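Residue numbers (the numbering used here): 9 to 347. Using N, Cα and C, we set each Cβ at its ideal position, and we do this for glycine too. Since the structure is predicted, the reported quantities are computational estimates derived from the model, not experimental observations.
Next up, the structure:
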């Protein structure tokens, strides 16, 4: 099967490339802006007609779109996550033999969700910031394109290769510096929220499964379990051997208990969701009148995110394989070896 991969240089894209190249039945061509790509093309500035000509030359049976932006101004996010997707969809439509499209979406498209409840693909999207809005617009373009297409809404991705700006990439770098300098504290943002962490290698497996399947529509890709970010952080701290303190900035004051959460903790009412991957999908910009995604003010409900993964299990035959402890251990191993 001939596969055209977009966004091969990103956190997820690199692992997807590795996974696809392991499959001898797949012939992979990479299209992107960098010199390492087989075809040099910028989806944010190139025309659908030019992309269609490349598609005709490669004749892929599947196009996998891992491209997109996680940071920047609203204009940057819209160009990378919406306009570029429009170019991909139109380019495929104009090609002689339209390929199947597998597009990587984001849990940020859902926006706030009720605490203690897994979010299903049927939930009405209510993104709260420019990143989630731009990703949802891209998803809607794919779903309305008339193409044979699947959108994988990926939850909080962790694992080796995590950007240093991500939640655990930042923590790992902070731990490394503290150990090198014999410091007793590492400062982090509020870690009280619950998130659905999924290893990047499992995400790559899901994307490969979607590429060779006939599944269409939106499919959640997550672990199916909500984990308090603070508890996950302690797994990384334990792997590092750091014996000091993690100081959380702007830590929330919890509201009175209303909804029971995992491990006997209690969470009230609706919860603000955040961006699709912890950290790397946070833009740092916000719509006037709204707080940045994933952040709640003091006294507000703790953010909650948990995927309903039954569709991925039933339609892709996929489920997670890499435990969170192993995933975070690999993050630390990579950070500790970095020169």
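- Considering only 346, 250, 247, 233, the residue with the shortest C-alpha distance to residue 318 is 233.
- Comparing alpha carbon positions, the residue from 342, 240, 137, 111 closest to residue 175 is 240.
- About 6 Å separates the Cβ atoms of residue 19 and residue 208, confirming a contact at the 8 Å cut-off.
- Ranked by Cα distance from residue 112, the options 259, 257, 315, 226 are led by 226.
- According to DSSP, residue 202 shares a beta bridge with 236.
- Around the Cβ of residue 258, a 10 Å sphere holds fewer than 16 other Cβ atoms; the residue is exposed.
- Residue range 253 to 257 is occupied by the beta strand (DSSP E) that includes residue 257.
- Counting along the chain, residue 166 sits inside the beta strand (DSSP E) bounded by residues 164 to 166.
- Closest by C-alpha distance to residue 309, out of 90, 123, 80, 145, is 123.
- Between residue 12 and residue 71, the C-beta spacing is below 7 Å.
- For residue 114, the uninterrupted beta strand (DSSP E) segment begins and ends at 108 to 114.
- For residue 162, the closest alpha carbon among the candidates 129, 180, 134 is that of 129.
- The Cβ atoms of residue 169 and residue 22 sit closer than 7 Å to each other.
- Boundaries of the beta strand (DSSP E) around residue 37: 35 to 40.
- Taking 3 residues as the minimum length, the beta strand (DSSP E) runs contained wholly in the segment 70 to 156 are 70 to 73, 108 to 114, in order along the chain.
- For residue 11, the uninterrupted beta strand (DSSP E) run begins and ends at 10 to 14, by DSSP.
- Straight through space, the alpha carbons of residue 66 and residue 206 are spaced by roughly 32 Å.
- Between the alpha carbons of residue 222 and residue 48 lies a distance of about 29 Å.
- Note that the segment 131 to 149 touches the segment 83 to 98; at least 3 beta-carbon pairs, one per stretch, sit closer than 8 Å.
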